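Engineer: Residue numbers (the UniProt record's numbering): 1 to 73. C-beta atoms are modelled at their ideal positions from N, C-alpha and C, and glycine is treated no differently. In this text the structure is predicted, and so the values were computed from the model without any measurement. Below you will find the structure I want to go over with you.
Below, the structure written as structure tokens:
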């Protein structure tokens, strides 16, 4: 299970990646010359999204992790 903190960070970074891609497409469509800004934002957001979710790839079993369901209350 994914922790609330990781889910929040993932959703935030996914939103930033979408905004960056949208900005890059509109910059090309309207020829503003700022496509690199949007592409850079989208690229950094996607890389950060991969870094945030990298520990989740190794959690095949429930032998540990930082999800909220196993935390002591």
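For residue 47, which of 34, 9, 4 and 2 has the nearest alpha-carbon?
Structural biologist: Comparing Cα positions, the closest option is 9.
Engineer: Would you list, in sequence order, the uninterrupted alpha helix (DSSP H) runs of no fewer than 4 residues that lie entirely inside the stretch 7-36?
Structural biologist: If we require 4 residues or more, the stretch 7-36 turns out to have no alpha helix (DSSP H) run fully inside it.
Engineer: Can you give the beta carbon distance from residue 94 to residue 52, rounded, assuming they're within the 8 angstroms contact cut?
Structural biologist: In the structure as shown, the chain begins at 1 and stops at 73. Residue 94 is therefore absent and cannot be evaluated.
Engineer: To which residues of the same chain is residue 45 closer than 7 angstroms at the C-beta, ignoring the five residues directly before and after it?
Structural biologist: Counting only Cβ-Cβ distances below 7 angstroms, and skipping sequence neighbours, we find 13, 16, 17 and 20.
Engineer: For residue 28, which residues from the same chain have a beta carbon less than 7 angstroms from its beta carbon, with the 5 sequence-adjacent residues on both sides left out?
Structural biologist: Contacts found: 35.
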